[in-house]
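Add 20 to a position in the sequence shown, counting from 1, and you land on the number used in this note's numbering. Note that beta-carbon positions come from the ideal geometry of N, C-alpha and C, so glycine has one too.
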Amino acid sequence: MKTNKIALFEGQKIRRHWDDEKELWYFSVVDVVAILSKTDRPRKYWDDLKRKLKQEGSQLSEKIGQLKFLVVSLNN
């Protein structure tokens, strides 16, 4: 059985969830955006990015959904 422990990427925390039935990991896109963009407002950054991509005609994967994760501090 997998655990839902916090994953680390370059020392930063990324929330994740293991789905036993589908045998898939789900990761918090907002946490990944925070690390890659180094922004202090990752949710706004992600929302703005999605809006810009749609305006440009890009299609986001239908597999991107919103899950409820426990809130954790993303600071070290």
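query                                                                                          : result
Paired residues, beta bridge with Ile34 - DSSP                                                 : Ala27
Per-residue DSSP class, three states only, for Lys22                                           : coil
Cβ contact (3+ pairs, closer than 8 Å) linking the segment 21–36 and the segment 52–62         : yes
Local Cβ density within 10 Å of Ser57, reported as buried at 16 or more and exposed below that : exposed
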